[in-house]
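Below is one structure, written out as structure tokens; the observations come after it.
Protein chains in written order, with our numbering: chain Z, 26 to 309; chain B, 23 to 265; chain U, 2 to 323.
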């Protein structure tokens, strides 16, 4: 029982990590508190859903489409809206507004009903001893690892990636070496949006799809990012695992939905007493 | 007993030692100048004395009372006021309201008395006509005066001025020097950071020189000007001073 | 900027509006009275939020905490112990104030500012929501129904809406008065100073922690009073409608639109958003959260183009400086 809870907690933690990775890029690197992050994920889920219903594409292929759609949507939102914000508090309000707009637009277009994708080949679990490992969740976990590694490499080796890191370190410094702040900010935001859109697609085989999903995931994403350390990718990954485990164990040992209480509690504790997160990143 | 005593003060940031074993005493009624190259620790000292930073070790004693580590607003209430090197006017408030904010706590008395005090300060600093202008609309000279006026409104016995001459033209500087001297005549003790040598030499009764967080010289302006260490610090090792 | 003799005109406008609002319900049917009650309720709640958010400059995304505490306190005291909701309202206010002081103190003491303060308050509200959802004392997910006793002033319930209307109108007059007092007082000046430059304020002898906590304590107390009204009007409370994040959004969006840190901003914001929400709901029908889409758009537009809100926009046009 406990082992299964641990395993499913870890796997779910991977999911949370993949959702949060995009946010740590946006939040940790660019100091944009993106409340619309969950909405991006939600839209990514719907992209995968519609591509499954009509052309019958499995979500593991349409995740690329989700990435692209959200990449462009993110770019447009950044270019026309976010760029005009003056400080952190304003950005928060703007992204909150975007979240409200997108979530309710989705509800209007596609109704608040829950939908799901069923792929018989992928819904099974395989067993190691009496440990049940759910396949789609395992795939999501692997995706999270690949995404984290991929982004890490991207940031370390490519010019764009290095520019992003430069800006994160010091805007003036980056400017003085000729980095186009606007362009790179736009690209970071778009990549972050794309990543979480793809994460949404990956999650569809085992998570139901609805406009309200965004709010749930954005809050978790914030907790994970702050927990792991803003801007710290491995921190975000392990932060996701911790939250996943915490939630799983909490659900097992605590009555009702009280494990949520503890997630918020930990979040506040970190904000107050260790704003740089467990693994150390930018201070919140 | 000195008005302000700094004993064995130490402060480092990361690996950088900003203040290194600093001892300093300021007597009541003095005007003491604080000079040194950029990065010598002058503003850091102000931040430590006024409570914006906590020292790693050492003591700060004001009128016999240990004020080390007290929060800035407490230090202000004890009688120390400071200005900031980069002025911080309240941009959306009028000049009048800016100064009034400083005046509140020292008299629990009525609005009328407080407002009168603010008018006095405005007149003293030549800001009377600008009293309805917003902080963000003032010229740099007026902002410096405003910064000073706000600090004065708190009724300090010790005033820390951080480069109050910065950005002022010679005429404005002249006026400011007069104001500072008059403040001193009225009984306020002053510790003044300044880069303008002419000003600081004529204004101060005593000068303290910092370099890399340490006191390297102390004495009257003439003594300090002749001090070999000071000359070396400002002009490099070549030694000869050309006029 | 020329300063016009605004004050003489503004007293006239305010008086006229109040008079108009006072006689309105006589002509309105039940539906429109209901609309106006909600407009006035959220104007009141927004004004309470405004003391911390607009005047204090600390945006709370979790004011539903205080609304909920007020609502649950008076309701539980009434349904389980037979205590009049009026008394319950005051007790709820006190409880809410204590919680507000606690939240404010630890957040401000540990340097949470701006967006991080907002997120922390949101987390607190969610903690209360989840607790109320899981604890039998608060009725869990089922919430608490208030038994209908017919029109009874001591029981703070009425069969005709018009009574509620005048009560919430009185609440609004009260809070306009309180806000005005604060604005002109030392507290108002200090909060403004803290908002504009906290370091400069500290250097001038202002205990910034104390005054920020003072702002949140006043704000939380007043918000809770509105929570009791909310409960007594709806006759039903549950964790979602009390502590839910949507409620927090409804509360702060009015002052943001109307004008942060102004006396009439929240009222104006509510006057605009109230009817707009109703219209949006009617037009796009079906799903009940439609007006939130409007709110989203409003937030984006206001933050970018109207940072001082509607009041600020007009003040600029007529050349008024505060």
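Glycine residues also receive a C-beta, built at the ideal position from the N, C-alpha and C atoms. Please read all numbers here as calculations on a predicted model, not as lab measurements.
Would you mind working out which of the options sits nearest residue i, comparing C-alpha positions?
| i | options | result |
| --- | --- | --- |
| residue 77 of chain B | B:143, B:134 and B:44 | B:44 |
| residue 37 of chain U | U:314, U:308, U:75 and U:274 | U:274 |
| residue 122 of chain U | U:211, U:168 and U:63 | U:63 |
| residue 268 of chain U | U:29, U:200, U:44 and U:22 | U:44 |
| residue 208 of chain B | B:166, B:46, B:58 and B:50 | B:50 |
| residue 81 of chain B | B:42, B:239, B:250 and B:101 | B:42 |
| residue 248 of chain Z | Z:200, Z:265 and Z:259 | Z:265 |
| residue 200 of chain B | B:167, B:230 and B:93 | B:167 |
| residue 252 of chain Z | Z:205, Z:268, Z:240 and Z:242 | Z:268 |
| residue 199 of chain U | U:114, U:224, U:277 and U:280 | U:114 |
| residue 176 of chain Z | Z:47, Z:279 and Z:40 | Z:47 |
| residue 86 of chain Z | Z:183, Z:120 and Z:230 | Z:230 |
| residue 232 of chain U | U:72, U:49 and U:50 | U:72 |
| residue 124 of chain Z | Z:200, Z:84 and Z:66 | Z:66 |
| residue 98 of chain Z | Z:214, Z:186, Z:153 and Z:161 | Z:214 |
Check for me: the alpha helix (DSSP H) holding residue i runs from which residue to which?
| i | result |
| --- | --- |
| residue 110 of chain U | 86-110 |
| residue 42 of chain B | No alpha helix (DSSP H) holds residue 42 of chain B; the beta strand (DSSP E) holding it covers 38-48. |
| residue 220 of chain B | 219-225 |
| residue 175 of chain B | 162-175 |
| residue 207 of chain U | Unbroken run through residue 207 of chain U: none, as it is neither H nor E. |
| residue 82 of chain U | 65-82 |
| residue 236 of chain B | Not the alpha helix (DSSP H): residue 236 of chain B falls in the beta strand (DSSP E), residues 236-241. |
| residue 150 of chain B | No alpha helix (DSSP H) contains residue 150 of chain B, which DSSP labels as neither H nor E. |
Within 9 Å of any Cβ in chain B, is that where the Cβ of residue i sits?
| i | result |
| --- | --- |
| residue 209 of chain U | yes |
| residue 3 of chain U | With a pLDDT of 44 at residue 3 of chain U, under the threshold of 50, the modelled position of this residue cannot be trusted; read the value that follows with caution. Not closer than 9 Å to any Cβ of chain B, the Cβ of residue 3 of chain U fails to qualify, so no. |
| residue 201 of chain U | yes |
| residue 318 of chain U | no |
| residue 241 of chain U | no |
| residue 105 of chain U | no |
| residue 191 of chain U | yes |
| residue 324 of chain U | Outside the shown range of chain U, which is 2 to 323, sits residue 324 of chain U, and nothing can be said about it. |
| residue 57 of chain U | no |
Label residue i either buried or exposed according to how many other C-beta atoms from any shown protein chain fall within 10 Å of its C-beta, with 16 as the threshold for buried.
| i | result |
| --- | --- |
| residue 90 of chain U | buried |
| residue 283 of chain U | exposed |
| residue 23 of chain U | exposed |
| residue 86 of chain B | exposed |
| residue 13 of chain U | exposed |
| residue 94 of chain B | buried |
| residue 294 of chain Z | exposed |
| residue 21 of chain U | exposed |
| residue 134 of chain Z | exposed |
Taking only beta-carbon positions, decide if residue i is within less than 9 Å of chain U.
| i | result |
| --- | --- |
| residue 99 of chain Z | no |
| residue 48 of chain Z | no |
| residue 6 of chain Z | The displayed coordinates of chain Z run from 26 to 309. Any statement about residue 6 of chain Z would go beyond what the structure contains. |
| residue 138 of chain B | no |
| residue 65 of chain Z | no |
Within the present structure, is the beta-carbon of residue i separated from the nearest heavy atom of the ligand ATP by less than 8 Å?
| i | result |
| --- | --- |
| residue 296 of chain U | Annotation note on the ligand ATP: not contained in the displayed structure, which lists no ligands. |
Tell me where the beta strand (DSSP E) around residue i begins and ends.
| i | result |
| --- | --- |
| residue 139 of chain U | No beta strand (DSSP E) holds residue 139 of chain U; DSSP gives it neither H nor E. |
| residue 103 of chain B | 102-104 |
| residue 150 of chain Z | 150-153 |
| residue 228 of chain B | 228-233 |
| residue 209 of chain B | Careful: residue 209 of chain B lies outside any beta strand (DSSP E) and carries neither H nor E. |
| residue 51 of chain Z | Counting along the chain, residue 51 of chain Z falls outside any beta strand (DSSP E), and DSSP gives it neither H nor E. |
| residue 216 of chain B | Neither: residue 216 of chain B is in no beta strand (DSSP E) and is coded neither H nor E. |
| residue 83 of chain B | 79-84 |
Answer with yes or no whether the minimum CB distance from residue i to chain Z is below 9 Å.
| i | result |
| --- | --- |
| residue 83 of chain U | no |
| residue 132 of chain U | yes |
| residue 256 of chain U | no |
| residue 304 of chain U | yes |
Which residues of the segment 159-187 of chain B have a Cβ closer than 8 Å to any Cβ of chain U? Give them in chain order. Listed by position along the chain: 172, 173, 175 and 176.
Using a Cβ-Cβ cut-off of less than 8 Å, list which residues of the segment 219-245 of chain B approach chain U; keep chain order. From the segment 219-245 of chain B, no residue has a Cβ closer than 8 Å to chain U.
Please list the residues of the segment 235-257 of chain Z that have a C-beta atom closer than 7 Å to any C-beta atom in chain U, keeping them in chain order. Residues of the segment 235-257 of chain Z with a C-beta less than 7 Å from any C-beta of chain U: 247, listed in chain order.
Any residues in the segment 63-93 of chain B with a beta carbon nearer than 9 Å to a beta carbon of chain U? Which ones, in chain order? Hits within the stretch, in order: 72, 73, 74 and 93.
Near-chain U residues of the segment 115-137 of chain Z (beta-carbon distance less than 8 Å), N- to C-terminal order: Taking 8 Å as the Cβ-Cβ cut-off against chain U, the residues of the segment 115-137 of chain Z that qualify are 115, 116, 117, 118, 119, 121, 122, 123, 124, 125, 126, 127, 128, 129, 130, 132, 133, 136 and 137.
Residues of the segment 291-303 of chain U with Cβ closer than 9 Å to any Cβ of chain Z, in chain order: Within the segment 291-303 of chain U, contact with chain Z at the beta-carbon level (separation under 9 Å) is assigned to 291, 292, 293, 294, 295, 296, 297, 298, 299, 300, 301, 302 and 303.
What are the residues of the segment 204-230 of chain U that lie near chain B, defined by any Cβ-Cβ distance shorter than 9 Å? Listed by position along the chain: 204, 205, 206, 207, 208, 209, 210 and 211.
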